[in-house]
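Chains as they are written, first to last, in the working numbering: chain A, 1 to 557; chain B, 558 to 868; chain C, 869 to 1184. A short worksheet on the structure shown next.
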Amino acid sequence: MADLFDGYPLGQQWDEMFSAPGQPRPPYTGLFSSLQPMSGEELAARADVLSQTYRDAGVTFAHAGEEQPFPLDIVPRVIGHEEWAVIERGVAQRVRALEAFLADVYGAGQVFSDRVVPRSVVTTSAHFHRAAHGLVPPNGVRVHVSGIDLVRDEAGDFRVLEDNLRSPSGVSYVITNRAAMSQVLPELFGDHRVQPVADYPSKLLAALKASAPSGVGDPTVVLLTPGVYNSAYFEHALLARQMGVELVEGRDLVCSGGQVSMRTTDGQQRVDVIYRRIDDEFLDPVHFRSDSVIGCAGVLNAARAGRVTIANAVGNGVADDKLLYTWVPDLIRYYLAEEPVLANADTYRIDDPDTVEWVLSSLDQLVLKPVDGSGGKGIVIGPRADERTLAELAVKVRAAPRDWIAQKPIGLSTSPTLINGRIAPRHVDLRPFAVNDGNDVWVLPGGLTRVALPEGELVVNSSQGGGSKDTWVITPPRPSVEPVPEHDVTRIEFTTADLPAEPPAQDPGPPNDNAVAQSQQQQQGRAIVATLAPSTQPGNASGGQSRDFGPGRTTPC
Amino acid sequence: MSAVPQSQSQSSHGPTQFQTQSQAGPVRVPSDRWRLQVVHRSEFRYGGPVRSSYNEARMTPENSSRQTTLRSRVEIEPTATVHAYRDYWGSTVTAFDTHGPHTELIVKATSVVEAGPEPHQPDPLGWAELAAPDVLDRFGEMLRPTPLTAMDEPVVQALREVVGDAGPREAGHLVCRYVYEHIEYLTGSTNVKTNAMQAWTSGKGVCQDISHVSVGLLRALGLPARYVSGYLHPKPQAPIGTSVTGESHAWVEWWDGGWSGYDPTNSAEVGPRHVTLARGRDYSDVPPLKGIFSGPKSEGATVSVEVTRLA
Amino acid sequence: MLSRIAESLFWIGRYVERADDTARILDVHTQRLVEDPWIDEQRACANLLALMGAPCPPEEADTEKVLATLAFERSSPSSITGALSAARENARGAREVLSAEIWESLNVTHNALPQQRTMARRYGPHSLFRFVRERSAMVFGLADATMSRDEGWLFLILGRSLERVDMTARMLSTRVLAGDAAPSWTLVLRSTGAYEPYLRTYRGAVNSSRAAEFLLLDRLFPRSVFASLEQAEGCLAELERANVREGHRIGVAGEAHRIVGRARTMLEFMQTDEILAKLPTRLDELQRTCSLASEAVTNRFFTEQAPQIWVPEGVG
């Protein structure tokens, strides 16, 4: 009993909850006192209910070709408001710098003339799409939605691990995690003031509408999905539903004379903004893969002509390239004249012979990431790898050093996670989501915390079997003078005084034959209040007169 | 027929005669410049009705110090809405799509340009300067081999011996001469997908192949090089007013402090007979007409280029 | 709404109704083979296959073939299995518009078919047919209870009504065209679920012209051809009202509406004797009405699908 956190091991890495055994950090004091009295079985039972809620709601994702319920750990991750303020500033700063970079790279190329970034980094990137050159979005925004992946290092500072500017996914789980947790652990929410995540869809919709071609009064926004067989379809459908926009596939769209329309029963309806969850390569068979069946031919030129907005813009991949990542702090200084709020992980480009030799001699101490990999594939964690893997890696790196970057491994922070009825530390990262509406970069409070479920595992990506946690950002304490809450005319509230003293009974319907037969049989020796009237008096349901009252019910409700 | 709105139109009647529209007597141009009219017609025929097609034409000549484009229009049958833009390489693109069943697509580009010899080039840089980091950074895309232009090391080695210790500008000319002597011009020996090494090995090719090989070798030596697409008036002594069958043509440019052009297919300087359309790393960056269509297989395409010296 | 989704709903209506009515026809047919000692099985089976649009040479026709073609064939939308699979595929793409319950219902039905087939082999097909009838009723019942009466619902019911016209006409044909190998009128009425309603209406022995009249013209029985045409017409009128486009001239009714309206008018105002005198022709016309109306609906509301296979072209 009450041994939930006993023996919780603390190592060198930063633990999210504990600074010392039994001593929770300030944001976690409330959670600790709520959870501490529980036993492992109790918590596990709640966790089962949580899992069931998810199953019933049909929240799944596709892993290894199968649909599985999304693994949500019951212990939330908590971030204090001051810490969050730093993250918010840092993420917004990064997005602004990368927006400026993208505008420059697909425009004047000043960043090259000023020798901030070598031109070849961009021109040799597989995601540099020359077809997007000269394309200026109506409100200048190219990164409508981004996911900036963060980890906390041994000293407890947040560092940026990766930028995702193309089609970052996972926000639907943020929303559904919160909904499930608030159903299963409502009392915890009562004790904390957790910033809501439910306004993400309305913020996203506003940003998308703001990015429509100028002169359009009420822009028509659609969400373009590859279709039901795509692993992220659940998210596409959820977002479309919550934003109230049409969920379309490529075959529902047609581009004619530079204008994009969707095929409806009422004829072709003009589309102004396409929030597309399809890779650039498949988006437009005119410029990219001509064998794509999920795109819309002609859409890129329509965007170039200013007749439609593609969100996120084509070609963003050049700015979330792993090699370019090493220059992002310089880009922040160059475009914004600011120092980066959030630092990169210590990363090295393998682009000169000295670095090549140093990397090759320390392969077992470094993390090597392929520049063109995503979803965690191809990453080699030196300290964990065996001889053979390292030898193969050395060959690959020597052959094409430009295809790799080297990073000093970060001891990712750990968070208490329910494993087999006990609480144990597991490594976590954080993906905050940012929405850019052209005036402001809004960061969703919290984001997706991903947990590496196997013990000691460092790769947290969901496509490799990870789990997630609800992420709470606590609101700052209210000012001492509480503003009088406005009378909300949309809330309808009653008190018990409004309840009728004797609410009418439900109609029982005509008596059935059995009741009549019974009463006939029992006429002699029983004092039964027999009535053949259609309704009985409230409070009196003795005798087998009416069918509609269930067994054991003595008062109508 | 729909058209990119440009200056006034001019019709051409028949293949041999043509009408001037100028009011004040014959046009005069400097003796080393020609005024040329080019009519470039591409026609696709389909096996049955095609519902939709999306295309981009790069058939609009450029304006530069060597060449002035006086008039240019692109006409398309069946009627199509067009949108013109400048692409990454600076080419003028006419994008259009057609809907509604059609069994053929005809794109006709009519241009009038004044062209002359290459302007005088500044003194060339030396090899060391060409290898400077900022030059390598600036011209990276024009130095890197591409699938259509990459040349094998043994060929490059043999070339280096021919070049010896010549400077970059001289080397450029030597490369073009070398290729001219090695590859025999033979139409039909290759197709649009043939790459430089294939052409080199067979020893035969057309201007596209000869230019690809030249560009590949120039780059291998360390000279940033570009593939140029355009038109050529085939006759050095052409009477004014007579239309001749011209051709879509390709040649090369390299950078040695400034961009110099040369025509390795004809082993000649680029001059008033050359009309420049577009430049890129190789043919795939500047195809005159490319697109996608949905429907029955294409039954083939015919291309004709008619060039008339106006002055 | 998106044309693709509307088209899916239309076809879900058609496919589920088709599965339902096919199950009814087959149920009656197999029952007959058991009950009637003088029946010529081969001829009866051949007739049935022909009437369902899947003719086969008389020597090959037997109950096994009938069941294989009309109940179990996965790839043919004329078979129960094929129709229910197709309905489910359409529902998958339209999940956002259909309620979760309807999707689940179709999904569960489809997934249970292999097991039902095994049971049918062992215990006879009656349980399979009952299963299909019940599941179809469930799908339409859920649609009735959980779908808003918007365009999506209208297309679903339109599809169901048109298919019902076609299938009821086919059921009538099994009696009318099969001569002495024909099932009795009683069986035909049973197959449409019309037997008890008929008896309550006419209180007496089954009379052939009255039975035909009942199935064709009865205003109150929902499976009659007339009632189905009327419902289809109602859906089309509602859809057109909702889709008034700019410049759409009043009086120029949609083609589908015209086709269905004409069939319904013919039934409404022609003398019963006239109709019955040329019954085979009328039945054939009704089946054609269904096809033509379906085509007209497709042309009007489900504008052609975008071409998705692109061929690159390029020239010098």
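Heads up, the beta-carbon is just placed ideally off N, CA and C, and yes, glycines get one too. These figures come from a predicted structure and were not determined experimentally.
Consult DSSP for residue i and reduce its assignment to one of helix, strand or coil.
i	result
A/E338	coil
B/E810	strand
B/A614	strand
B/F696	coil
B/V586	coil
A/S361	helix
A/L247	strand
A/N540	Note on A/N540: pLDDT 37, under 50, position unreliable in the model; no value is reported.
C/N915	helix
A/D429	strand
A/F18	strand
A/P201	helix
B/M754	helix
B/G729	helix
A/P401	helix
Beta-carbon of residue i versus every beta-carbon of chain A: anything under 7 Å?
i	result
B/P853	no
B/D839	no
C/L870	yes
B/T617	no
B/R638	Note that residue 638 of chain B is Thr in the sequence shown, not Arg. So yes, B/T638 belongs to the interface.
C/A1095	no
C/A962	no
B/E804	no
B/H597	no
So which of the options has the shortest CA-CA distance to residue i?
i	options	result
A/L324	A/M17, A/D437, A/G11 and A/R402	A/R402
A/P370	A/I332, A/G411 and A/K322	A/K322
B/A666	B/T651, B/V713, B/G724 and B/D680	B/T651
C/N958	C/R882, C/T1140, C/V1056 and C/L1097	C/R882
A/F234	A/A206, A/V174, A/A399 and A/R289	A/V174
B/S621	B/V860, B/H831 and B/L682	B/H831
B/V595	B/Y788, B/N823, B/I797 and B/P793	B/Y788
A/E42	A/D354, A/A434, A/V443 and A/L418	A/L418
B/S668	B/V860, B/Y642, B/R628 and B/V692	B/R628
A/I310	A/R289, A/V328, A/G244 and A/T220	A/T220
B/L682	B/G721, B/G803, B/V732 and B/P781	B/P781
C/C1158	C/E1181, C/A1124 and C/N1167	C/A1124
C/L1107	C/D1141, C/L1160, C/L1024 and C/S1092	C/L1024
A/N88	A/V216, A/E392, A/N436 and A/L238	One detail in the question is off: residue 88 of chain A reads as Glu in this sequence, not Asn. Selected option, being the one with the closest Cα: A/N436.
Under 8 Å by Cβ, that's how I've got residue i and residue j pegged, so tell me the actual separation to the nearest angstrom.
i	j	result
A/V286	A/G298	6 Å
C/A852	C/L901	Residue numbering for chain C in the displayed model covers 869 to 1184; residue 852 of chain C lies beyond these limits and cannot be assessed.
B/V763	B/Y737	Not really, about 13 Å apart at Cβ, beyond 8 Å.
C/T937	C/L917	6 Å
C/A1005	C/S995	Their Cβ separation, rounded to whole angstroms, is 16 Å, which puts C/A1005 and C/S995 out of contact at 8 Å.
Kindly indicate if chain C contains any beta-carbon less than 7 Å away from that of residue i.
i	result
A/S290	yes
A/T264	yes
So with Cβ pairs under 7 Å, would you call residue i a contact of chain B?
i	result
C/E941	no
C/V1179	yes
A/G140	no
C/G1122	no
A/N301	yes
A/G80	no
Self-check item: Meets three-Cβ-pair contact criterion under 8 Å: the region 87-100 of chain A and the region 279-298 of chain A
Solution: no
Practice problem: For the region 676-687 of chain B and the region 874-881 of chain C, state whether three or more C-beta atom pairs, one from each stretch, are separated by less than 8 Å. | Solution: no
Quiz item: Would you say the region 356-366 of chain A touches the region 379-386 of chain A, given that touching needs at least three Cβ pairs under 8 Å?
Solution: yes
Quiz item: On the three-pair Cβ rule with 8 Å, is the region 312-320 of chain A touching the region 140-150 of chain A?
Solution: yes
Quiz item: Is the number of C-beta pairs between the region 442-450 of chain A and the region 193-202 of chain A that are closer than 8 Å three or more?
Solution: yes
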